[in-house]
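As you go down the protein sequences, you meet chains A and B in turn.
Per numbering that gives the first Met the number 0, numbering through the first sequence is continuous, rising by one, with the last residue being 273.
Per numbering that gives the first Met the number 0, numbering through the second sequence is continuous, rising by one, with the last residue being 166.
Glycine included, each C-beta is placed from N, C-alpha and C at the ideal position.
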Amino acid sequence: MQRTLVPKRGVGIRLLGPSWRAARDKLLDMVREDYQLITIIGRAGTGKTTLLLSLEGAVNGLFMYADMTEVRDRDLSAIVSTAFADNIDVIKDIQEKLKKSGIKGLLKAFAKAGLDEVVESARLKPMETLALLNNAVEYLGIGPLIIGIDEGLLSQDDPRAVDFINAIHAFRNNMQVLSSTKIIITLLPDVVNLISKIDTPLFDVLKLGALTLPDYVTKEDLKEVVQEYGLGPSEAGKIEALGPLTMRQLICLMNTKMDAIKCGIDTAGEITIE
Amino acid sequence: MAYIIGAVLGKEDVGGVRVAYSTYTTTLGKWVRDPDSVVQYLVNIGKAEILKSGSGRSVLLTDKELMSRVNRLLTPKEDADPLTIVLDGIRKLANPLSGYADVGEVIKYIEDRLEIPTKEAEEFLIKVIKFHRARFVFAHGGSRRLKIGSTYYGLIKVVGDAEDAGS
Numbered sequence: 000m001q002r003t004l005v006p007k008r009g010v011g012i013r014l015l016g017p018s019w020r021a022a023r024d025k026l027l028d029m030v031r032e033d034y035q036l037i038t039i040i041g042r043a044g045t046g047k048t049t050l051l052l053s054l055e056g057a058v059n060g061l062f063m064y065a066d067m068t069e070v071r072d073r074d075l076s077a078i079v080s081t082a083f084a085d086n087i088d089v090i091k092d093i094q095e096k097l098k099k100s101g102i103k104g105l106l107k108a109f110a111k112a113g114l115d116e117v118v119e120s121a122r123l124k125p126m127e128t129l130a131l132l133n134n135a136v137e138y139l140g141i142g143p144l145i146i147g148i149d150e151g152l153l154s155q156d157d158p159r160a161v162d163f164i165n166a167i168h169a170f171r172n173n174m175q176v177l178s179s180t181k182i183i184i185t186l187l188p189d190v191v192n193l194i195s196k197i198d199t200p201l202f203d204v205l206k207l208g209a210l211t212l213p214d215y216v217t218k219e220d221l222k223e224v225v226q227e228y229g230l231g232p233s234e235a236g237k238i239e240a241l242g243p244l245t246m247r248q249l250i251c252l253m254n255t256k257m258d259a260i261k262c263g264i265d266t267a268g269e270i271t272i273e
Numbered sequence: 000m001a002y003i004i005g006a007v008l009g010k011e012d013v014g015g016v017r018v019a020y021s022t023y024t025t026t027l028g029k030w031v032r033d034p035d036s037v038v039q040y041l042v043n044i045g046k047a048e049i050l051k052s053g054s055g056r057s058v059l060l061t062d063k064e065l066m067s068r069v070n071r072l073l074t075p076k077e078d079a080d081p082l083t084i085v086l087d088g089i090r091k092l093a094n095p096l097s098g099y100a101d102v103g104e105v106i107k108y109i110e111d112r113l114e115i116p117t118k119e120a121e122e123f124l125i126k127v128i129k130f131h132r133a134r135f136v137f138a139h140g141g142s143r144r145l146k147i148g149s150t151y152y153g154l155i156k157v158v159g160d161a162e163d164a165g166s
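1. Express the C-alpha separation of B/Y99 and A/A121 in angstroms, rounding to a whole number.
2. The alpha helix (DSSP H) with B/G15 in it runs from where to where?
3. Would A/V280 and A/M63 qualify as a contact pair, given that the criterion is a beta-carbon distance under 8 Å?
4. Does the stretch 186-204 of chain A come into contact with the stretch 213-231 of chain A, if we say contact requires no fewer than three beta-carbon pairs (one atom in each stretch) closer than 8 Å?
5. Among the candidates B/D33, B/G55, B/K46 and B/D35, whose CA atom is the shortest distance from the CA of B/Y2?
6. Tell me whether A/E150 is buried or exposed, calling it buried when 16 or more other Cβ atoms sit within 10 Å of its Cβ.
7. A/G214 versus chain B: which residues are under 8 Å apart at the beta carbon?
8. Would you list, in sequence order, the uninterrupted beta strand (DSSP E) runs of no fewer than 3 residues that lie entirely inside the stretch 79-164 of chain A?
9. Is B/L59 helix, strand or coil by DSSP?
10. For A/K181, report the span of its beta strand (DSSP E) as first-last.
11. Give the DSSP bridge partners of A/I39, in chain order.
12. Counting only Cβ pairs nearer than 7 Å, list the residues of chain B close to A/V191.
13. Hey, would you say A/L114 sits closer than 8 Å to A/I87, going by beta carbons?
14. Tell me which residues share the same chain as A/T217 and place their Cβ nearer than 6 Å to its Cβ, disregarding the 5 neighbours each side in the sequence.
15. Assign B/K10 to one of three DSSP states: helix, strand, or coil.
16. Using Cβ-Cβ distances below 8 Å, what residues of the stretch 215-229 of chain A are close to chain D?
17. Can we say the stretch 226-241 of chain A touches the stretch 107-121 of chain B, given the rule of at least three CB pairs closer than 8 Å?
18. Are the beta-carbon atoms belonging to A/L139 and A/S100 less than 8 Å from one another?
19. Just to make sure I have the definition right: I need the residues of chain B whose C-beta is within less than 7 Å of the C-beta of A/I40. Which are they?
20. Identify each residue in the stretch 119-147 of chain B for which the Cβ-Cβ distance to at least one residue of chain A is less than 7 Å, and report them in chain order.
21. Between the Cα of B/S67 and those of B/V16, B/D101, B/V37 and B/G103, spot the shortest distance and give me the residue it belongs to.
22. Whose C-beta lies closer than 6 Å to the C-beta of A/G142 among residues of the same chain, with five residues either side of it excluded?
23. For a contact defined as C-beta to C-beta under 8 Å, what are the partners of B/D101 on chain A?
24. Which of the three DSSP states, helix, strand or coil, is assigned to B/S52?
25. Using DSSP with H/G/I as helix, E/B as strand and the rest coil, what is A/M253?
26. Can you pull the chain A neighbours of B/Y20, defined as C-beta to C-beta under 9 Å?
27. What is the DSSP secondary structure of A/D203, counted as helix, strand or coil?
28. What does the Cβ neighbour count give for A/T81, buried or exposed, with the cut at 16 atoms within 10 Å?
29. Taking 8 Å as the CB-CB limit, is B/G165 close to chain A?
30. Buried or exposed for B/F137, please, with buried defined as at least 16 other CB atoms from any protein chain shown within 10 angstroms of its CB.
31. Using a cut-off of 7 Å between C-beta atoms, extract the partners of B/Y108 located in chain A.
32. Going by Cα to Cα distance, which pick from A/I184, A/I40 and A/A112 is closest to B/N94?
33. Under the assumption that A/I183 contacts A/L97 (Cβ atoms under 8 Å), give the Cβ distance between them as a whole number of angstroms.
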């Protein structure tokens with residue numbers, strides 16, 4: 000049952016709800032308009048990961064998805080090596096194309112390196128290895144390279160948050176070198192608050208390419224989801240009566256035959272300050 | 000009464016509010032029969048001191064907490080409804096990207112704006128949230144934790160704010 004709450008990986012993710020499709024259109028516009036550092040901001044359950052995964056197959060160029068939630072560290076080395084390791088087929092394909100093109104120099108060495116060596120190089124020299132991949136994509140004319148970094152789990156209280164912020168800062172500083180690469184990051188609101196407090200130069204750049212997801216589903220979103228799951232107006236009315244819902248809560252209700260408790264919908268009115 | 004008159008006539012000084020003895024007792028005399036004994040009583044219970052001031056004397060009203068309470072009574076209350084105060088605070092303090100404000104900072108904002116203690120500001124915020132539940136959305140983080148049902152939150156946002164950020 001729990002897996003129904005987690006988005007599937009792979010091509011063909013269908014976004015439900017006009018608000019979420021509008022968010023994806025905005026994201027695609029940012030990619031087309033050459034934004035290089037894009038953030039998807041939303042609280043837990045707003046669909047950041049689903050939106051990110053829905054880009055696969057929807058954008059021109061190469062899409063690489065890195066799930067940082069399953070990796071221990073959050074520094075630049077961990078992020079880049081995860082992006083390479085999680086997308087080894089993409090790397091292999093680029094290497095094949097480079098070999099066929101008869102490229103010389105550093106890109107030839109990149110093409111001939113074993114996959115383990117490439118991942119190790121991404122770990123030891125993350126920015127240099129990413130720049131090589133960027134140059135390969137540019138040389139082959141198959142860009143842009145879009146790297147989606149899923150970091151919806153990191154909170155301001157996590158000591159690794161500063162490592163992560165430093166890593167994004169490194170992407171910011173190297174945008175000129177990575178001219179065919181676009182980085183899309185998912186962030187929780189509290190990490191955004193933390194960035195605004197400890198790294199103003201980064202915050203100023205992020206502000207230009209940020210997308211905030213709706214906190215709650217609208218009536219139109221609800222209507223579409225309910226129709227998609229084949230429920231009638233009476234069920235829709237019951238769902239509306241539960242109060243504002245996140246997209247995850249709504250999908251959960253669909254998958255659990257309207258079990259509000261399982262879906263974490265708190266109807267208790269008790270509010271205290273701890 | 001003695002402190003209200005002090006608050007109106009006196010000036011802030013290091014140890015409290017200071018007012019010329021004769022001015023103070025003359026005004027106080029309009030309300031009580033023997034103002035000098037009232038001053039003496041205040042001195043005896045540690046709420047005032049009599050100080051030499053040039054050739055004359057001053058009364059120093061020393062209970063700062065009582066003086067702030069009197070000042071609050073005398074200051075006209077802000078004519079704004081509670082929801083507006085909370086919405087103003089959140090919007091003023093919200094992160095421009097996410098639209099969320101730190102609950103701890105919102106409480107401080109209410110404290111300063113209404114000149115009330117922290118506890119009262121917390122209760123004020125809770126009442127507004129309870130009454131207008133659908134106007135707010137919460138997220139984890141922040142410097143103070145709000146427990147709503149069984150979940151803890153520290154960031155608060157006005158529904159609909161900041162969803163067009165970046166456009």
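On the basis of the data shown:
1. If you take the alpha carbons of A/A121 and B/Y99, they lie about 35 Å apart.
2. First-last for B/G15: G15 to A19, but that is the beta strand (DSSP E), not the alpha helix (DSSP H).
3. Nothing about residue 280 of chain A can be reported from this structure: the residues present for chain A run from 0 to 273 only.
4. Flag = no, the stretch 186-204 of chain A and the stretch 213-231 of chain A do not touch.
5. B/Y2 has its Cα closest to that of B/K46, out of B/D33, B/G55, B/K46 and B/D35.
6. By the C-beta density criterion, A/E150 is buried, having at least 16 other C-beta atoms within 10 angstroms.
7. Residue identity differs from the one stated: residue 214 of chain A is Asp in this sequence, not Gly. Neighbours of A/D214 across chain B, judged by C-beta separation under 8 Å: V136, K156, V158 and E162.
8. Runs of the beta strand (DSSP E) inside the stretch 79-164 of chain A: 144-149.
9. When secondary structure is reduced to three states using DSSP, B/L59 falls in the strand class.
10. T180 to L186 is the extent of the beta strand (DSSP E) around A/K181.
11. Bridge partners of A/I39: A/T185 and A/L210.
12. Neighbours of A/V191 in chain B, taken as residues whose beta carbon is under 7 Å from its own, are N94, L96 and S97 in chain order.
13. Taking a C-beta distance under 8 Å as the contact criterion, A/L114 and A/I87 qualify as a contact pair.
14. Counting only residues of its own chain and dropping the five nearest sequence neighbours on each side, A/T217 has a CB closer than 6 Å to the CB of S18.
15. Correct three-state label for B/K10: strand.
16. Of the chains in the structure shown, none is chain D; the protein chains are A and B.
17. No: fewer than three Cβ pairs fall under 8 Å.
18. Taking the C-beta atoms as reference points, A/S100 is found nearer than 8 Å to A/L139.
19. Residues of chain B with a Cβ closer than 7 Å to the Cβ of A/I40 are, in chain order, L96 and S97.
20. Residues passing the 7 Å Cβ filter: E121, I125, I128, K129, A133, V136, A138, H139, G140, G141, R143, R144, L145, K146 and I147.
21. The residue with the shortest Cα to Cα distance from B/S67 is B/V16.
22. Contacts found: G60, V136 and S179.
23. Result: N192.
24. Here B/S52 sits in strand by DSSP.
25. In this structure, A/M253 counts as helix in the three-state DSSP scheme.
26. Residues of chain A passing the Cβ test: none, with the nearest at roughly 46 Å.
27. The answer is helix: DSSP assigns A/D203 an H, G or I state.
28. Buried, because 16 or more other Cβ atoms sit within 10 Å of the Cβ of A/T81.
29. Because the pLDDT of B/G165 is 37, which lies under 50, any placement of that residue in the model is unreliable, and the number read from its coordinates should be weighed accordingly. Contact with chain A is found for B/G165, since one of that chain's Cβ atoms lies less than 8 Å from the residue's Cβ.
30. Within 10 angstroms of the beta-carbon of B/F137 lie 16 or more other beta-carbons, which makes it buried.
31. Within chain A, no C-beta atom comes less than 7 Å from the C-beta of B/Y108; the nearest is roughly 15 Å away.
32. It is A/I40.
33. 25 Å between Cβ atoms; not a contact.
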